[in-house]
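Contents: one structure, followed by commentary.
Numbering (our numbering), first residue to last: 4 to 90.
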């Protein structure tokens, strides 16, 4: 759990990554990252971790954060090619 949260904490303002990229760096699977984020994501910038297609598990809650960070989106998913980096 700590490794996953530390990886997410490294993401800066306006950066996003995928569950899969976090998983690869942490040495676990994307579903495990999803479970960790579901339980402990409130401790970090959870809105910066998205699905491979750029969508959020909770777009209604993510959009205000994306707007505040200038992350381009369509109301459901980030414009992946514009604001991304590997974890």
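Just so it is clear, CB atoms sit at the ideal spot from N, CA and C, and this is done for glycine as well.
Through-space distance from residue 45 to residue 56, alpha-carbon basis: 22 angstroms
Residues near residue 72 in its chain [Cβ-Cβ closer than 6 angstroms; skip 5 each side]: 16, 17
Whole-Å CB distance - residue 7 paired with residue 19, under 8 angstroms assumed: So it is not a contact: roughly 15 angstroms between Cβ atoms.
Given residue 83 as reference, the closest of 30, 59, 40, 35 once Cα atoms are compared: 59
Close-in-space but distant-in-sequence residues of the same chain around residue 90 (CB under 6 angstroms, 5 per side omitted): Residue confidence for residue 90 is low, a pLDDT of 48 falling below 50, so the modelled location carries little weight; the figure read from the coordinates is stated next. Closer than 6 angstroms at the Cβ level, and outside the excluded window around residue 90, lie 10, 20, 24, 25, 28.
Collapsed DSSP secondary structure at residue 81 in the structure displayed: strand
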